[in-house]
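Below is one structure; the comments refer to it alone.
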Amino acid sequence: TYTGPDMQRIRRIASSVIAVSERPNLRFTFGILETPEYNAYALPGGYIFITRPLLEMVGSDAELAAVIAHESAHITHMHAVRSYERRIALTIAGVFLAVATGDVNSSMDFVELIGNIVTSGYSKEQEYDADGAGLRYIARAGYDSDAMLALLTNLRALEYRLTGGRRGYSRTHPATANRIKQIEAKLPTIEYYRFLGEYLQTL
């Protein structure tokens with residue numbers, strides 16, 4: 366889905382989040398995936414997709430901002446490029462070779478590459494980096510930084526509801542409990558700098 370009130374809400378929130386990122390001039394494309402899975406995806410080229418169940422689960426604009434901030438950080442920090450730059454180079458070479466030789470099957474490698482991001486996700490280090498960057502983004506955009514923690518807490522509750530806590534809500538993200546610990550450790554620093562910024566504005 367690319368139109369409708371939900372998409373207008375996503376684009377409105379995304380504009381404020383992306384504006385305070387390291388790459389505010391990047392062009393993003395957003396969409397809603399009509400699938401039963403609770404997840405969101407960031408793909409090369411600035412494409413971000415949020416599944417319908419996850420969109421309906423978030424309780425506030427701030428929590429939706431946390432989702433968007435996390436996914437946009439994957440793109441602004443070029444996680445896909447860094448993870449797959451060698452494979453992309455080889456794939457592009459393969460596509461040119463396919464054109465030269467008529468081997469059409471090689472051109473499907475690039476499609477497989479994008480599919481790997483969807484099915485396997487990013488590395489744990491990149492997911493933690495996206496959480497940390499996303500936390501900074503929502504704080505800079507004026508949203509309550511606790512929203513990132515609230516989002517992850519809701520996802521952890523979802524894990525217990527769906528699987529009794531035996532596995533994560535998503536096969537493409539690290540354990541939610543570990544992500545919560547990282548955010549809890551970063552929140553005091555984020556709040557300190559936000560307080561300092563507000564204080565300096567009053568001088």
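First residue of the sequence shown: 366, per this note's numbering; consecutive thereafter.
All C-beta atoms in this analysis are idealised placements derived from N, C-alpha and C, irrespective of residue type, glycine included.
Practice problem: Would you give the residue range spanned by the alpha helix (DSSP H) that A434 belongs to? | Solution: 426-441 is the span of the alpha helix (DSSP H), which, as asked, contains A434.
Exercise. Mind reading off the beta-carbon distance from I440 to L391? Whole number of angstroms is fine, and I expect it under 8 Å.
Key: 7 Å between Cβ atoms; contact.
Quiz item: Do the CB positions of F395 and I375 come within less than 8 Å of each other?
Solution: Cβ atoms of F395 and I375: closer than 8 Å.
Quiz prompt | Own chain partners of V423 with C-beta closer than 7 Å, once the 5 adjacent residues on each side are dropped | solution = Cβ within range, chain order: L429, V432, L516.
Quiz prompt | Local conformation of G319 per DSSP, three classes | solution = There is no way to answer for residue 319, as the model of the chain reaches only from 366 to 568.
Quiz item: Which whole runs of the alpha helix (DSSP H) in the segment 491-522 are 4 residues long or more, in chain order?
Solution: Annotation: the segment 491-522 contains no complete segment of the alpha helix (DSSP H) (minimum length 4 residues).
Exercise. For L408, name the three-state secondary structure that DSSP assigns.
Key: Of the three classes helix, strand and coil, the one that applies to L408 here is strand, per DSSP.
Self-check item: Per DSSP, the bridge partner or partners of F414
Solution: G396, Y406, per the DSSP bridge assignment.
Quiz item: Between P389 and the rest of its own chain, which residues show a CB-CB distance below 8 Å, the 5 nearest in sequence each way excluded?
Solution: In its chain, beyond the 5 residues on either side, I383 have a beta carbon closer than 8 Å to the beta carbon of P389.
Quiz item: Candidates L527, E436, E492: which alpha carbon is nearest S386's?
Solution: The shortest Cα separation from S386 among L527, E436, E492 belongs to E436.
Practice problem: Along the alpha helix (DSSP H) that carries R376, what are the first and last residues, could you check? | Solution: 370-384 is the extent of the alpha helix (DSSP H) around R376.
Quiz prompt | M513 to T400 span [Cα, whole Å] | solution = One C-alpha to the other measures close to 23 Å.
Quiz item: Mapping DSSP to helix, strand and coil, what is L561?
Solution: For L561, the secondary structure class from DSSP, reduced to helix, strand or coil, is helix.
Quiz prompt | Rounded separation between N519 and N404 - CA only | solution = Each residue's alpha carbon lies about 13 Å from the other.
Exercise. For my contact list, R544 and D496 are in at a C-beta cut-off of 8 Å; report their separation, rounded to the angstrom.
Key: Yes, they are in contact, since the Cβ atoms of R544 and D496 sit about 6 Å apart, within 8 Å.
Quiz prompt | Which listed residue (T554, M372, H444) has its alpha carbon closest to that of D426 | solution = When each option's Cα is compared against that of D426, the closest is M372.
Self-check item: Test item: CB-CB of E549 and S510 under 8 Å
Solution: No, the Cβ-Cβ distance between E549 and S510 is not below 8 Å.
Self-check item: Of the listed residues L408, P409, A438, L523, nearest to I503 (C-alpha basis)
Solution: Of L408, P409, A438, L523, the residue nearest in Cα terms is A438.
Quiz item: Hey, would you say H442 sits closer than 8 Å to A498, going by beta carbons?
Solution: Between H442 and A498, the CB-CB gap stays under 8 Å.
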